[in-house]
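A.B. asks: First to last, the sequence lines map onto chains F and U.
So in our numbering, spot 16 of the first sequence is number 16, and the numbers just go up one at a time.
For any residue, its number in our numbering is found by taking its place in the second sequence, counting from 1, and adding 1000.
In this text, a Cβ means the ideal position worked out from N, Cα and C, and glycines have one as well.
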Amino acid sequence: MYIRIRVQEIGFSLDEAFQELRRASNSVGAVCTFTGLVRDFNDDAEVTGLFLEHYPEMTEKQLARIVDDACQRWQLMGVSVIHRIGALLPGDEIVLVAVAAGHRGEAFSACEFIMDYLKTQATFWKKEVAADGERWLTMRESDITAADRWQS
Amino acid sequence: MIKVVFFASLRERFQSPGLTVEIDQIASVAALIEVLMLPDGTPFGSIFAEEKLMVAVNQEVVDFDGAITEGDEVAFFPPVTGG
């Protein structure tokens, strides 16, 4: 089982993460990857940048727990999570979740599960920098709903 | 002594990433909130009526009746917005 969790300021390479996962086991038959990007608008304000803050000790614990939960639910062969912090620009990649499994079903589901829980539990906070000032983002109801559906 | 830390909008409102507090009479998160005050004198407790905030003791999310003991790290922060 290959697990790699990184929180970093620098960007990341989707291909590098993919290559690590495809080699996790000879039985890997599916690798599902999700990449989140900084959008250039949110609620109609023009966003010129984003600042990402986190609670280091807690973020590491929670990401490890979320990945562990996914490994309990599905038969996985590899998981890679990369989350960026610091100053980001529109179009920059923020987060990567990649999951390797024997078949696509597990890979798709686990990838979405990890993202949904990351959005609602991992201690990251985004501050938007827009033409008219800075503002901390608030959690969306739709993110809570997305995470809740895994509990049924 | 306990370590109290703030993140995101709360860190800015406190104008500080954190502080240490003597916990003689403080045994719960609720009791800790009672003794904290923003730089402008606003009681910390009054903010909770305005917005949803989270609290973690030693990096585990707890309720306001969560226990606090010597050496703990108590973190206050708004709901997370990563990803």
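#1: Could you compute how far the alpha carbon of lysine 1052/U sits from the alpha carbon of glycine 1045/U?
#2: Using a Cβ-Cβ cutoff of less than 6 Å, which residues in the same chain neighbour phenylalanine 34/F once the five nearest sequence positions on both sides are dropped?
#3: Check for me: the alpha helix (DSSP H) holding glycine 105/F runs from which residue to which?
#4: Going straight from the alpha carbon of proline 90/F to that of glutamate 1022/U, what length do you get?
#5: Enumerate, from N- to C-terminal direction, the unbroken alpha helix (DSSP H) stretches of 4 or more residues contained entirely within the stretch 1016 to 1082 of chain U.
#6: From glycine 29/F to arginine 104/F, what does the alpha carbon distance come to, in whole angstroms?
#7: Establish whether the CB of glycine 1071/U and some CB of chain F are separated by less than 8 Å.
#8: Give me the chain U residues within the contact set of tyrosine 124/F, using Cβ-Cβ distance strictly less than 8 Å, ordered along the chain.
#9: Ordered along the chain, which non-local residues of its own chain (more than five positions away) have a Cβ less than 8 Å from that of glutamate 106/F?
#10: Can you find the residues in the same chain that come closer than 6 Å, C-beta to C-beta, to aspartate 92/F, ignoring five residues on each side of it along the sequence?
#11: Rounding to the nearest angstrom, what Cα-Cα distance links phenylalanine 51/F and glutamine 62/F in this structure?
#12: Using CA coordinates, which residue listed in Met1037/U, Ser1009/U and Ser1028/U is at the minimum distance from aspartate 1072/U?
#13: Among Ala130/F, Lys119/F and Leu137/F, which one has its Cα closest to the Cα of threonine 145/F?
#14: I'd like to confirm something about asparagine 26/F: is its beta-carbon nearer than 7 Å to some heavy atom of the ligand ZN, or not?
#15: Would you please verify whether the beta carbon of leucine 14/F is less than 8 Å from any beta carbon of chain U?
#16: At the 8 Å Cβ level, is glutamine 121/F part of the contact set with chain U, yes or no?
#17: To which residues of the same chain is glutamate 1070/U closer than 8 Å at the C-beta, ignoring the five residues directly before and after it?
#18: Restricting to Cα atoms, I'd like to know which of Gly1083/U, Phe1077/U and Gly1082/U is closest to valine 1004/U.
#19: Is the beta carbon of glutamate 53/F closer than 8 Å to that of phenylalanine 1064/U?
#20: Go ahead and pull the three-state DSSP assignment for phenylalanine 1014/U.
#21: Quick check on this structure: which residue in Gly49/F, Ser109/F and Ser80/F has the alpha carbon closest to the alpha carbon of alanine 87/F?
C.D. replies: Taking the structure as given:
#1: Counting from one through the second sequence, the residue named residue 1052/U turns up at place 52. Counting from one through the second sequence, the residue named residue 1045/U turns up at place 45. Going by the C-alpha atoms only, they are around 12 Å apart.
#2: Counting from 1 along the first sequence, the entry for residue 34/F is found at position 34. Excluding residues within five positions, the ones whose Cβ falls inside 6 Å are Val97, Cys111 and Met115.
#3: Taking the first sequence and counting its residues from 1, the one referred to as residue 105/F is at position 105. Run containing glycine 105/F: 104 to 121, per the alpha helix (DSSP H) assignment.
#4: Your numbering for residue 90/F matches position 90 in the first sequence. Your numbering for residue 1022/U matches position 22 in the second sequence. So the two alpha carbons sit approximately 44 Å from each other.
#5: 1029 to 1035 and 1044 to 1050
#6: As a first step, residue 29/F is located in the first sequence; it is residue number 29 there, counting from the start. As a first step, residue 104/F is located in the first sequence; it is residue number 104 there, counting from the start. Looking at the two C-alpha atoms, the distance is approximately 7 Å.
#7: As a first step, residue 1071/U is located in the second sequence; it is residue number 71 there, counting from the start. So no, glycine 1071/U is outside the interface.
#8: Start at 1 with the first residue of the first sequence, and residue 124/F comes out as number 124. A small fix is needed here, since residue 124/F is phenylalanine in this sequence, not tyrosine. Within chain U, the C-beta atoms nearer than 8 Å to that of phenylalanine 124/F come from Val1080, Thr1081, Gly1082 and Gly1083, in chain order.
#9: On the first sequence, position 106 is the one that residue 106/F refers to. The residues are Ala30, Trp74, Gln75, Leu76 and Val99.
#10: Working through the first sequence from its first residue, we reach residue 92/F at position 92. Around aspartate 92/F: Val38.
#11: The sequence position of residue 51/F within the first sequence is 51, counting from 1. The sequence position of residue 62/F within the first sequence is 62, counting from 1. Between phenylalanine 51/F and glutamine 62/F, the C-alpha separation is close to 21 Å.
#12: In the second sequence, the residue the question calls residue 1072/U occupies position 72. Comparing Cα-Cα distances from aspartate 1072/U to each of Met1037/U, Ser1009/U and Ser1028/U, the minimum goes to Ser1028/U.
#13: By one-based count along the first sequence, residue 145/F stands at place 145. Comparing Cα positions, the closest option is Lys119/F.
#14: You won't find the ligand ZN in this model; it holds no ligand whatsoever.
#15: Taking the first sequence and counting its residues from 1, one reaches residue 14/F at position 14. It does not; no Cβ of chain U falls within 8 Å.
#16: Here residue 121/F corresponds to residue number 121 of the first sequence, with the count starting at 1. Output row for glutamine 121/F: interface = yes.
#17: Position 70 of the second sequence, counting from 1, holds the residue named residue 1070/U. So the list reads Met1001, Ile1002 and Ile1023, once near-sequence residues are dropped.
#18: Counting from 1 along the second sequence, the entry for residue 1004/U is found at position 4. When only C-alpha atoms are compared, the closest one is Phe1077/U.
#19: Stepping through the second sequence from its first residue, residue 1064/U is reached at position 64. Stepping through the first sequence from its first residue, residue 53/F is reached at position 53. Contact check for phenylalanine 1064/U against glutamate 53/F fails: the beta carbons are separated by 8 Å or more.
#20: If you number the second sequence from 1, residue 1014/U lands on position 14. Residue state, collapsed to three classes: helix.
#21: Position 87 of the first sequence, counting from 1, holds the residue named residue 87/F. Among Gly49/F, Ser109/F and Ser80/F, the Cα nearest to that of alanine 87/F is on Gly49/F.
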